[in-house]
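Undergrad:
Protein chains: 2
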Amino acid sequence: MKKNVLIIGAGGVAKVAAHKCAQHNDILGDICIASRSQGKCELIIESVREKGSLKNEGGRLYSRQIDALDIPATSRLIEETGSQIVINLGTSFVNMSVLQACLATGAAYIDTAIHEEPDKICEQPPWYANYEWKYLDACQEKGLTAILGIGFDPGVVNAYCTYAVKHYFDSVDSIDIMDVNAGDHGKYFATNFDPEINFREFTGQVWTWIDRQWVAKPIHSEKQIYDFPTVGEQTIYLTGHDELHSLSKNIDANHIRFWMGFSDHYINCFTILKNIGLLSEQPVMTAEGLEVVPLKVVKACLPDPASLAPGYTGKTCIGNLVKGKKDGKDREIFIYNTCDHAECYQEVGSQGISYTAGVPPVAAAILIAQGLWDVQRMVNVEELDPDPLIKLLDTIGLPTQVQEK
Amino acid sequence: MKKNVLIIGAGGVAKVAAHKCAQHNDILGDICIASRSQGKCELIIESVREKGSLKNEGGRLYSRQIDALDIPATSRLIEETGSQIVINLGTSFVNMSVLQACLATGAAYIDTAIHEEPDKICEQPPWYANYEWKYLDACQEKGLTAILGIGFDPGVVNAYCTYAVKHYFDSVDSIDIMDVNAGDHGKYFATNFDPEINFREFTGQVWTWIDRQWVAKPIHSEKQIYDFPTVGEQTIYLTGHDELHSLSKNIDANHIRFWMGFSDHYINCFTILKNIGLLSEQPVMTAEGLEVVPLKVVKACLPDPASLAPGYTGKTCIGNLVKGKKDGKDREIFIYNTCDHAECYQEVGSQGISYTAGVPPVAAAILIAQGLWDVQRMVNVEELDPDPLIKLLDTIGLPTQVQEK
């Protein structure tokens, strides 16, 4: 039974996680929020206190300043705070250093996205093998619980795969993970999470799993219109995404693809920014001799994703279309969640994209604290029993629905 | 009779000017090219030698390094090089410092664009009054010849105004200056001269001269299709431009407007970049704490305008549609030049936009050297007799045509 949580990061997802941890601090114990900017941590704490999110009102909720790339400093912080669970919600560039700090201290490790190096994008599959999986043995030896990629996607959608296999199919032919945001933030152009990480997903090639092989395609080269429950018809594009890099190894299916919804306006803006070179992760030199990464400047110009929350309307829909056989017959289900931006804002002061990403790692922390997922090794989500997660999410804001086609 | 020319700047326009000066070095004497990057100056000199542009092959052609914002250093450079004529083709930010160096040394001053301050755009009219015209008295007292804005537009189009008044009209009602580039550089997106200066023209409001008053309008809010000679129908947009800020004072007309041609693709790219904030001249701070001006990063990502020249096809057309009365009757003429990108490249290794901007200041230098325009005061182009300019341009690459409507 582990307790006391250290949240690393102070963006929109960390804010949701802080609220959710607070709502369950009877199980999770002390909550420390640490990031490069302690001021941003304090703003989150103010929000948690304003909303009265702390279940155990006397529970400890406090902040620290940390550079999460500094492994010794992060290790000291874990020890100083007595944290037995670390929820890493910092930028994807810090995953490996936070994981090493957990290995040094024995604290359970949770993250929501694959590790990235600043100067590389859309890496060769399976991407996890380039970073996280190098520590599989170290985690095993140490008995360290490390749950990789437990946001919504990756994360809950990985559990949906296992859930479908466990309860609905004898064999699976194809899984199409589909993520659409039918919400409206009213801004000219904005990304719903860190623009830097967001754009890096789409500026290289699309790696997808077809006929049990990796296939590379150009971005936005394949699209379809899908009629989603609640949010209706949406245009979705074949894209690469974290979860394929582990599902391809762990799930027995012929095809596993990821689709994301984009409006024509998004595609237009993205295409122009990309073609001009403004989404590049490689530095350019200005005429004045300043070396700067264009993508970081685009990020600085775009709205802070957390600022989108007030007035955000509409819903997200994320789920898996699974096709296969059951009892000798064809079967097709869509297993999904819908999430309402305004309801999220009312509950935790954040929009739905942050909410869907921030609630699952807290669910994982609760399941570790309760011993249900304290597996003492490194796993991707589909390697765990999905049932406790699906059951818990039903009660803490992200209920699962299954549509039989 | 002045001689020896100092060219400040080493961009596309300076390259054309260097070639043209070389072609007339029997009149102009020594030619020194100076810029922040002496390497860029040397590349221009190599091009001049390759094309055999030096008329007097024994004439001096050399380079110096200079920070043109440094007035004492620029003054010393003018004296050291014995330059009696300075053609300022550096960024618009250096106009006032180069002018002051000319006042300190007595060298004639020529530029092709209005002075700009880095943190201001689309200034209150008349813009010249904010900078250059503050030195009208100083030039008068010193007997300094300073010719402002003698590129093509501003510049030749200002002379077209006077030329029309002198030869074609008793009274003028309206002048519409129209600038279109019907060429194709084959790049996804590029500007034809310094992107920074180019975009700064369009990111604020449009100042235009209507009913003898300044009127402010939003950018790209008025457009029309005009059927140009040679290049045919083109979509042009009402924009603000340098020349209106002096023509409004010096030319007796009810309306003076400036129109520029833009493709739908340009408008789309421009609108997205502008709305996102990437064309801002005001610095932003990246998440890493680096302060950077977005517009300078966009500039760094876009192709160097000089690099567009090889393979550039098509023509430019720039001219004045003038409406008024002659001998009691309505008259309407279009006085214009067309310029072919490929022919420019063949002659001087540059594209047509650089060519149309770079030839006129050399014409002005020749007219100063010949005593025809050595007026020993500060003037905008429309204050000078247009006939020697039009006649000279006919013979050095920018012939004028007049279409009677």
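Chains as they are written, first to last, in the numbering used here: chain A, 1 to 405; chain B, 1 to 405.
Heads up, the beta-carbon is just placed ideally off N, CA and C, and yes, glycines get one too.
This structure is a prediction, so every number in the text was calculated from the model and none was measured.
Under a three-way DSSP split, which group does residue 81(B) fall into?
TA: Here residue 81(B) refers to the residue found at position 81 when the second sequence is read from its first residue. Helix.
Undergrad: When the Cα atoms are used, what is the spatial distance from residue 119(B) to residue 40(A)?
TA: Position 119 of the second sequence, counted from the first residue, corresponds to residue 119(B). Position 40 of the first sequence, counted from the first residue, corresponds to residue 40(A). Their backbone Cα atoms lie some 30 Å apart in a straight line.
Undergrad: Please decide whether residue 290(B) counts as near chain A, where near means a Cβ-Cβ distance under 8 Å.
TA: The residue given as residue 290(B) occupies position 290 in the second sequence. Chain A contact via Cβ: present.
Undergrad: How is the alpha helix (DSSP H) around residue 23(B) delimited, first residue to last?
TA: In the second sequence, counting from the first residue as 1, residue 23(B) sits at position 23. Its alpha helix (DSSP H) spans residues 12 to 23.
Undergrad: Nearest-angstrom Cα distance between residue 282(A) and residue 99(A)?
TA: In the first sequence, counting from the first residue as 1, residue 282(A) sits at position 282. In the first sequence, counting from the first residue as 1, residue 99(A) sits at position 99. Going from the Cα of residue 282(A) to the Cα of residue 99(A) covers about 26 Å.
Undergrad: Nearer than 7 Å: is that true of the beta carbon of residue 75(B) relative to any heavy atom of the ligand FMN?
TA: Because no ligand of any kind appears in the structure shown, any question about the ligand FMN cannot be addressed here.
Undergrad: For residue 69(A) versus residue 199(A), is the C-beta distance shorter than 8 Å?
TA: Taking the first residue of the first sequence as 1, we reach residue 69(A) at position 69. Taking the first residue of the first sequence as 1, we reach residue 199(A) at position 199. Result no, Cβ atoms of residue 69(A) and residue 199(A) do not sit closer than 8 Å.
Undergrad: Would you mind working out which of 1(B), 228(B) and 131(B) sits nearest residue 179(B), comparing C-alpha positions?
TA: The residue you call residue 179(B) lines up with position 179 of the second sequence. Of the candidates 1(B), 228(B) and 131(B), the one whose C-alpha sits nearest the C-alpha of residue 179(B) is 228(B).
Undergrad: Taking contact to mean 3 or more Cβ pairs, one atom from each stretch, closer than 8 Å, check whether the segment 125 to 144 of chain B and the segment 237 to 247 of chain B are in contact.
TA: Touching, per the Cβ criterion.
Undergrad: Between which two residues does the alpha helix (DSSP H) containing residue 347(A) stretch?
TA: For this step, residue 347(A) is matched to residue 347 along the first sequence. Residue 347(A) -> alpha helix (DSSP H) spans 341 to 348.
Undergrad: For a cutoff of 8 Å on Cβ pairs, would you count residue 305(A) as touching chain B?
TA: On the first sequence, position 305 is the one that residue 305(A) refers to. No, residue 305(A) does not count as interfacial toward chain B.
Undergrad: Shorter than 8 Å from the beta carbon of residue 328(A) to some beta carbon of chain B?
TA: Counting from 1 along the first sequence, the entry for residue 328(A) is found at position 328. It does not; no Cβ of chain B falls within 8 Å.
Undergrad: Any C-beta of chain C within less than 8 Å: which residues of the segment 258 to 270 of chain A qualify?
TA: Reference to chain C is not applicable here, since the protein chains of this structure are A and B.
Undergrad: With a threshold of 16 other CB atoms inside 10 Å of the CB of residue 350(B), please say whether the residue is buried or exposed.
TA: As a working mapping, residue 350(B) is identified with position 350 in the second sequence. It counts as buried.
Undergrad: Could you give the first and the last residue of the continuous alpha helix (DSSP H) run that contains residue 32(B)?
TA: Counted from its first residue, the second sequence places residue 32(B) at position 32. Taken as a continuous stretch (DSSP letters only), residue 32(B) belongs to no alpha helix (DSSP H), being part of the beta strand (DSSP E) at 31 to 35.
Undergrad: For residue 121(A), decide whether its Cβ has a neighbour in chain B, counting only Cβ atoms nearer than 8 Å.
TA: Position 121 of the first sequence holds residue 121(A). No, residue 121(A) does not count as interfacial toward chain B.
Undergrad: Identify the contact partners of residue 286(A) in chain B, using a Cβ-Cβ distance below 9 Å as the criterion.
TA: Position 286 of the first sequence, counting from 1, holds the residue named residue 286(A). Going along chain B in sequence order, the residues near residue 286(A) (Cβ under 9 Å) are 292, 293, 296, 297, 299 and 300.
Undergrad: What does the alpha-carbon distance come out to for the pair residue 122(B) and residue 202(B)?
TA: Your numbering for residue 122(B) matches position 122 in the second sequence. Your numbering for residue 202(B) matches position 202 in the second sequence. Taking the straight line from one Cα to the other gives about 8 Å.
Undergrad: State the Cα-Cα distance for the pair residue 216(A) and residue 255(A), rounded to the nearest angstrom.
TA: For this step, residue 216(A) is matched to residue 216 along the first sequence. For this step, residue 255(A) is matched to residue 255 along the first sequence. Those two C-alpha atoms are separated by around 14 Å.
Undergrad: Restricting to Cα atoms, I'd like to know which of 78(B), 72(B), 9(B) and 51(B) is closest to residue 91(B).
TA: Position 91 of the second sequence, counting from 1, holds the residue named residue 91(B). With distances taken between Cα atoms, residue 91(B) lies closest to 9(B).
Undergrad: Compare the beta carbon distance of residue 382(A) and residue 139(A) with 8 Å and say whether it is the shorter of the two.
TA: Here the question's residue 382(A) lines up with position 382 in the first sequence. Here the question's residue 139(A) lines up with position 139 in the first sequence. No. Outside cutoff.
Undergrad: Using the beta-carbon count (16 or more within 10 Å), is residue 407(A) buried or exposed?
TA: The structure shown does not extend to residue 407(A), since chain A is modelled only from 1 to 405, so the question has no answer here.
Undergrad: Distance check for residue 62(A) and residue 348(A), CA to CA, integer angstroms please.
TA: The count along the first sequence starts at 1 and reaches residue 348(A) at position 348. The count along the first sequence starts at 1 and reaches residue 62(A) at position 62. C-alpha separation (whole angstroms): 17 Å.
Undergrad: Just to confirm my understanding: we take residue 292(B), look at its own chain, exclude 5 residues before and 5 after, and list those with CB closer than 7 Å. What are they?
TA: The residue you call residue 292(B) lines up with position 292 of the second sequence. Cβ neighbours of residue 292(B) beyond the five flanking positions: 283, 284 and 286.
Undergrad: Could you compute how far the alpha carbon of residue 25(A) sits from the alpha carbon of residue 18(A)?
TA: Here residue 25(A) is taken as the residue at index 25 of the first sequence, counted from 1. Here residue 18(A) is taken as the residue at index 18 of the first sequence, counted from 1. One C-alpha to the other measures close to 10 Å.
Undergrad: Please list the segments of the alpha helix (DSSP H) lying wholly inside the segment 37 to 118 of chain B, counting only runs of 4 or more residues, in order along the chain.
TA: With a minimum length of 4 residues, the continuous alpha helix (DSSP H) runs that stay inside the segment 37 to 118 of chain B are 38 to 51, 71 to 81 and 95 to 105.
Undergrad: From residue 367(A) to residue 219(B), what does the alpha carbon distance come to, in whole angstroms?
TA: For the purposes of this step, residue 367(A) is identified with residue 367 of the first sequence, where counting begins at 1. For the purposes of this step, residue 219(B) is identified with residue 219 of the second sequence, where counting begins at 1. Distance between the alpha carbons of residue 367(A) and residue 219(B) is about 57 Å.
Undergrad: Examine the Cβ distances between the segment 33 to 52 of chain A and the segment 380 to 395 of chain A and report whether three or more of them are shorter than 8 Å.
TA: The segment 33 to 52 of chain A, when compared against the segment 380 to 395 of chain A, does not touch it at the 8 Å Cβ threshold.
Undergrad: Go to residue 162(A), then tell me how far its alpha helix (DSSP H) extends in each direction, as first and last residue.
TA: On the first sequence, position 162 is the one that residue 162(A) refers to. Element bounds for residue 162(A): 156 to 167.
Undergrad: Return the residue from the list 311(B), 403(B) and 334(B) that minimises the CA-CA distance to residue 184(B).
TA: As a first step, residue 184(B) is located in the second sequence; it is residue number 184 there, counting from the start. For the residues 311(B), 403(B) and 334(B), the minimum Cα distance to residue 184(B) belongs to 311(B).
Undergrad: When you compare the CB positions of residue 238(A) and residue 259(A), do they come within less than 8 Å of one another, or not?
TA: Counting from one through the first sequence, the residue named residue 238(A) turns up at place 238. Counting from one through the first sequence, the residue named residue 259(A) turns up at place 259. In contact: residue 238(A) and residue 259(A) (Cβ atoms closer than 8 Å).
Undergrad: Just to make sure I have the definition right: I need the residues of chain B whose C-beta is within less than 7 Å of the C-beta of residue 277(A). Which are they?
TA: Here residue 277(A) refers to the residue found at position 277 of the first sequence. Residues of chain B passing the Cβ test: 301.
Undergrad: How big is the Cα-Cα spacing for residue 175(A) and residue 251(A)?
TA: Within the first sequence, the letter at position 175 stands for residue 175(A). Within the first sequence, the letter at position 251 stands for residue 251(A). Distance between the alpha carbons of residue 175(A) and residue 251(A): 10 Å.
Undergrad: Would residue 189(B) pass as an interface residue toward chain A - the criterion being a Cβ-Cβ separation below 8 Å?
TA: The count along the second sequence starts at 1 and reaches residue 189(B) at position 189. At least one chain A Cβ lies under 8 Å of residue 189(B).
Undergrad: Quick one: is residue 44(B) near chain A, going by C-beta distance under 8 Å?
TA: Your numbering for residue 44(B) matches position 44 in the second sequence. Not one chain A Cβ lies under 8 Å of residue 44(B).
Undergrad: Who are the neighbours of residue 272(A) on chain B, taking C-beta pairs under 8 Å?
TA: In the first sequence, residue 272(A) corresponds to position 272, counting from 1. The contacting residues are 189, 268, 269, 272 and 273.
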